[in-house]
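Notes follow the structure.
Protein chains: 2
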Amino acid sequence: MGEPEHLHLTYNDVHKNIERTAARIAAEFKPDLFIAIGGGFFPARVMRTFLKDSITKRNIPIYAIGLSLYEELPGTTAEQIGSQVIRTQWLGPESGKTLLGRRVLIVDEVDDSRKTLHYAVSELQADVERELAKLPEAERDAARTKFAVFVVHNKLKPKLGSLPDDVPYYAGENTEDLWLDYPWEASNIDEHDALAAEEKASGKHADTVKSA
Amino acid sequence: MGEPEHLHLTYNDVHKNIERTAARIAAEFKPDLFIAIGGGFFPARVMRTFLKDSITKRNIPIYAIGLSLYEELPGTTAEQIGSQVIRTQWLGPESGKTLLGRRVLIVDEVDDSRKTLHYAVSELQADVERELAKLPEAERDAARTKFAVFVVHNKLKPKLGSLPDDVPYYAGENTEDLWLDYPWEASNIDEHDALAAEEKASGKHADTVKSA
Numbered sequence: 064m065g066e067p068e069h070l071h072l073t074y075n076d077v078h079k080n081i082e083r084t085a086a087r088i089a090a091e092f093k094p095d096l097f098i099a100i101g102g103g104f105f106p107a108r109v110m111r112t113f114l115k116d117s118i119t120k121r122n123i124p125i126y127a128i129g130l131s132l133y134e135e136l137p138g139t140t141a142e143q144i145g146s147q148v149i150r151t152q153w154l155g156p157e158s159g160k161t162l163l164g165r166r167v168l169i170v171d172e173v174d175d176s177r178k179t180l181h182y183a184v185s186e187l188q189a190d191v192e193r194e195l196a197k198l199p200e201a202e203r204d205a206a207r208t209k210f211a212v213f214v215v216h217n218k219l220k221p222k223l224g225s226l227p228d229d230v231p232y233y234a235g236e237n238t239e240d241l242w243l244d245y246p247w248e249a250s251n252i253d254e255h256d257a258l259a260a261e262e263k264a265s266g267k268h269a270d271t272v273k274s275a
Numbered sequence: 064m065g066e067p068e069h070l071h072l073t074y075n076d077v078h079k080n081i082e083r084t085a086a087r088i089a090a091e092f093k094p095d096l097f098i099a100i101g102g103g104f105f106p107a108r109v110m111r112t113f114l115k116d117s118i119t120k121r122n123i124p125i126y127a128i129g130l131s132l133y134e135e136l137p138g139t140t141a142e143q144i145g146s147q148v149i150r151t152q153w154l155g156p157e158s159g160k161t162l163l164g165r166r167v168l169i170v171d172e173v174d175d176s177r178k179t180l181h182y183a184v185s186e187l188q189a190d191v192e193r194e195l196a197k198l199p200e201a202e203r204d205a206a207r208t209k210f211a212v213f214v215v216h217n218k219l220k221p222k223l224g225s226l227p228d229d230v231p232y233y234a235g236e237n238t239e240d241l242w243l244d245y246p247w248e249a250s251n252i253d254e255h256d257a258l259a260a261e262e263k264a265s266g267k268h269a270d271t272v273k274s275a
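Quick look at the structure:
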């Protein structure tokens with residue numbers, strides 16, 4: 064094996080990825096709240112630009128949660144996945160109230176192992192369930208939160224976490240399991256853009272990135 | 064008066080603005096924690112790229128707070144400024160503990176009236192003071208949090224909020240009081256970039272934006 068394969072993405076690549084996916088999300092899921100996981104804040108901010116007119120004419124609020132993955136340990140089972148994620152920030156003590164009855168789009172930049180998304184969805188769902196339990200049973204169904212997930216890139220590889228079947232999943236693009244170089248990580252943005260242009264000219268970009 | 068003057072900024076304009084300012088902040092303030100106010104999350108993410116190597120070799124954590132400005136009311140005095148800002152998200156119940164002893168860079172995209180920054184600094188400072196009060200008096204000075212502020216753009220105009228003298232203030236660029244069109248708000252990013260290029264060619268960009 065040589066060097067890990069890199070793929071460089073420009074800001075405008077990411078912006079247009081989000082624009083295309085926003086059209087599908089506006090037609091199908093129609094979120095009224097974004098929850099950004101760490102690096103998902105920027106994609107959520109761009110998504111809001113494309114979603115605000117089509118749904119409420121108002122800005123969709125963006126909340127942030129902070130999650131970090133512990134290093135993966137050998138022999139980890141699906142049951143232990145949750146324990147590998149630590150919260151650095153959450154929605155606050157009123158989390159369940161904030162979420163109740165909303166259509167929540169959870170946003171992250173990349174879906175690698177799916178562990179962080181698995182954790183986020185199950186914990187947010189648990190916050191909702193605790194809040195629903197305070198309501199009379201007849202009111203619960205109407206107040207139940209709808210969740211969906213959006214990631215800019217989904218790496219096509221075996222996943223260690225999973226999402227419930229009733230949570231729609233939107234990936235801007237599917238990619239092979241390579242190293243994605245995002246522009247906000249570029250210490251020299253002109254060089255980064257030149258590499259991205261080379262990869263497009265050589266066909267590498269088209270070979271490794273597929274529309275989702 | 065005609066249309067409000069617009070200035071279009073590309074993603075790479077913003078990225079390089081942050082890169083330049085990061086060099087000053089690394090030399091002078093050396094933050095070990097970022098607090099992003101809403102739209103400040105993206106600038107904080109880019110800033111982290113340029114600061115991580117020079118200080119700790121580790122990623123600097125980014126926390127997010129959400130603040131919204133109420134519509135400005137006529138006859139508002141300085142004392143009332145705080146009441147015009149509402150929190151949509153805060154650091155959580157452990158805010159003071161999170162901040163204690165840290166060098167905190169508060170990040171926002173634009174400093175318009177300075178009201179949001181005024182509110183953020185005074186409320187975070189109050190969280191710290193409550194936490195300091197739990198410590199023996201002799202330990203308080205060493206544990207006191209240092210705050211600084213970074214904004215991508217500072218509009219040169221009369222400000223309605225103010226910052227304490229001991230809080231360093233970094234603006235990537237100072238601009239005239241015009242309408243700043245950020246790329247993440249662009250519904251057509253190619254058109255946006257073309258307008259930005261025109262404004263640079265015509266000298267408008269150089270006339271209205273000054274290095275800080």
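Chains A and B supply the protein sequences, listed in that same order.
Those letters in the first sequence? Residues 64 to 275, per the working numbering, in order.
Those letters in the second sequence? Residues 64 to 275, per the working numbering, in order.
Ideal Cβ placement from N, Cα and C applies to all residues, glycine included.
Next item on the list: Would you check if the distance between the CB atom of Ile129/B and the CB atom of Tyr126/A is smaller than 8 Å?
Entry: It is Gly, not Ile, that sits at residue 129/B in the sequence shown. The answer is yes: Cβ separation under 8 Å.
Check: In chain order, what residues of the same chain have a beta carbon less than 6 Å from the beta carbon of Glu68/A, not counting five sequence neighbours either side?
Finding: Leu241
Next item on the list: Note down, in chain order, every chain B residue with its Cβ under 8 Å from the Cβ of Arg108/A.
Entry: Gly102, Phe104, Phe105, Trp247
Checklist line | 7 Å CB neighbourhood of Val230/B in its chain, flanking five on each side removed | finding: Val184, Phe210, Ala211, Val212
Check: Going along chain A, which residues have a C-beta under 7 Å from Gly155/B?
Finding: Gln152, Trp153, Gly155
Notebook entry, point to check: Say the cut is 7 Å; is the CB of Gln147/B nearer than that to a heavy atom of the ligand ATP?
Noted result: No copy of the ligand ATP occurs in the structure displayed, which carries no ligand at all.
Checklist line | Completely contained alpha helix (DSSP H) runs for the segment 196-253 of chain A, where each covers 4 or more residues | finding: 200-206
Check: Using CA coordinates, which residue listed in Gln147/A, Leu163/A, Gly224/A is at the minimum distance from Leu180/A?
Finding: Gly224/A
Check: What residues of chain B sit near Ser250/A, judged by a beta carbon separation below 9 Å?
Finding: Glu82, Thr112, Phe113, Asp116
Checklist line | Three-state class that DSSP yields for Gly145/B in the structure shown | finding: In this predicted model, Gly145/B has a pLDDT of only 49, less than 50, meaning its place in the structure is not dependable; the value taken from the coordinates is given anyway. Gly145/B: helix per DSSP, three-state reduction.
Margin query: For Ala259/B and Ala107/B, what's the separation of their Cα atoms in angstroms?
Written below: 23 Å
Check: If you count every other CB in all the chains shown that lies within 10 Å of the CB of Glu135/A, and 16 or more means buried, which is it?
Finding: With a pLDDT of 48 at Glu135/A, under the threshold of 50, the modelled position of this residue cannot be trusted, and the question is left open.
Margin query: Against chain A, with Cβ distances strictly below 8 Å, would Lys79/B count as a contact?
Written below: yes
Item checked: Any chain A beta carbon closer than 8 Å to Pro124/B -> yes
Check: Taking DSSP as the reference, what is the three-state secondary structure of Met64/A?
Finding: Reliability of the predicted coordinates at Met64/A is poor, the pLDDT of 49 falling under 50, and no value is obtained from them.
Next item on the list: Assign Glu82/B to one of two classes, buried (16 or more other C-beta atoms within 10 Å of its C-beta) or exposed (fewer than that).
Entry: buried
Margin query: Counting only Cβ pairs nearer than 9 Å, list the residues of chain B close to Gly164/A.
Written below: Simply none; closest approach about 17 Å.
Note to self: So that I know if they touch, is there some Cβ in chain A lying closer than 8 Å to that of Gly235/B?
What the structure shows: no
Notebook entry, point to check: Do we get a CB-CB distance below 8 Å when we pair Tyr74/B with the residues of chain A?
Noted result: yes
Next item on the list: Tell me, please, whether the CB atom of Glu135/B is closer than 8 Å to any CB atom in chain A?
Entry: Any reading at Glu135/B must be qualified, since the residue scores a pLDDT of 49, below 50, and its modelled position is unreliable; the value itself is stated next. No - not a single Cβ of chain A is within 8 Å of the one on Glu135/B.
Check: So, is the C-beta of Gly224/B closer than 8 Å to a C-beta in chain A?
Finding: no
Note to self: Give me the chain B residues within the contact set of Gly129/A, using Cβ-Cβ distance strictly less than 9 Å, ordered along the chain.
What the structure shows: Pro124, Ile125, Tyr126, Ala127
Note to self: Starting from Glu172/A, trace the beta strand (DSSP E) in both directions and tell me its first and last residue.
What the structure shows: 166-174
Check: According to the Cβ coordinates, are Phe97/B and Arg166/B closer than 8 Å?
Finding: no
Checklist line | Endpoints, alpha helix (DSSP H) assigned at Lys160/A | finding: 158-162
Next item on the list: With a 10 Å radius around its C-beta and 16 neighbouring C-beta atoms as the bar for buried, classify Ile149/A as buried or exposed.
Entry: exposed
Next item on the list: Tell me, please, whether the CB atom of Gly145/B is closer than 8 Å to any CB atom in chain A?
Entry: Because Gly145/B carries a pLDDT of 49, less than 50, the predicted location of this residue cannot be relied on, and the following value inherits that uncertainty. False, the Cβ-Cβ gap to chain A never drops below 8 Å.
Next item on the list: Reducing DSSP to helix, strand and coil, say where Phe92/B ends up.
Entry: coil
Check: Taking the Cβ atom as the reference point for each residue, do Ala234/A and Asn217/A lie within a distance shorter than 8 Å?
Finding: yes
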